[in-house]
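Structure first, then comments.
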């Protein structure tokens, strides 16, 4: 394993620790101390386990070849690394989606206006049917990844901005509004990793040395949900504040 592979493996282990500790504290606080277990807590547990499976696959891929040059590993090892990377993409999407569901349910505790909870469906997503049964071209792969990355970052920023409007409608003191909005928006910092990851999207089109070329992309794919899960669990400290109790009364 070379330096890139070790860097990926260290990142995986680091964010496993960084996610399990705050989520475990969240479970202890919500289940034992407050006895206020909610659907957002259940969703966060699911997100954590999906992320854990993702990390296991990402770590396995690092051991078998991700981050190494193609000529440095055997065909069998490369096949395992490719398979794990493929499965990583699936669990990366599932973990991110579940994380956003957990955040959305959490924000519902504070929402006082109907527009705070509106959902705008994009019907073209499920109405579009590609005519070709061939694999996507390199341009299509990178373009779609850029588009999905931008959409993901946009969603993260919306989760960061929405609490500002929610809190503004509540009868808080100005200082309290700023504090609570900042705490609720903290979970959106995962979008930073999303934006950084976009600089490595072109590596997905690398034919000759794909496992090595995409190692940075894999690292930031691990950081993105890891930061989100950690931050979303840390912001549960707001649960203890009098501000949330007043918000519940107003809603």
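Residue numbers (full-length UniProt numbering): 1 to 251. Glycine residues also receive a C-beta, built at the ideal position from the N, C-alpha and C atoms.
In this structure, the beta-carbon distance from residue 226 to residue 83 does not fall below 8 angstroms. Pairing residue 66 with residue 211 gives a Cβ-Cβ distance under 8 angstroms. Between residue 52 and residue 16, the C-beta spacing is below 8 angstroms. Between the stretch 190-200 and the stretch 6-16 there are fewer than three C-beta pairs closer than 8 angstroms, too few to call the two in contact. Put simply, the backbone Cα of residue 156 is about 20 angstroms away from that of residue 22.
Rounded to whole angstroms, the Cβ separation of residue 68 and residue 1 is 7 angstroms, and the two are in contact under 8 angstroms.
The continuous stretches of alpha helix (DSSP H) do not include residue 172, and DSSP gives it neither H nor E.
In this structure, the alpha-carbon of residue 30 lies about 18 angstroms from that of residue 101. For the 8 angstroms CB-CB criterion, residue 216 and residue 200 form a contact.
Three or more beta-carbon pairs drawn from the stretch 102-110 and the stretch 37-48 are found closer than 8 angstroms, and the two stretches are therefore classed as touching.
Around the beta carbon of residue 85, a 10 Å sphere encloses 16 or more other beta carbons of the protein chains shown; the residue is thus reported as buried. Less than 8 angstroms separates the beta-carbon of residue 99 from that of residue 228. DSSP places residue 118 outside both helix and strand once states are collapsed to three, so it counts as coil. Between the beta-carbon of residue 57 and that of residue 94 there is about 12 angstroms, and that puts the pair past the 8 angstroms contact cut. Excluding five sequence positions before and after residue 64, the CB atoms of its chain that fall closer than 6 angstroms to its own CB belong to 77, 80, 81, given in chain order. Contact annotation, residue 70 with residue 209: C-beta distance approximately 5 angstroms; criterion of less than 8 angstroms satisfied. For the pair residue 221 and residue 92, the Cα-to-Cα distance works out to about 7 angstroms. Taking all protein chains shown into account, residue 165 has fewer than 16 neighbouring C-beta atoms within 10 Å of its C-beta and is therefore exposed. Judged by DSSP in its simplified three-state form, residue 206 adopts coil rather than helix or strand.
Taking the Cα positions, residue 74 is about 21 angstroms away from residue 203. In the three-state DSSP reduction, residue 6 falls in the helix class (H, G or I).
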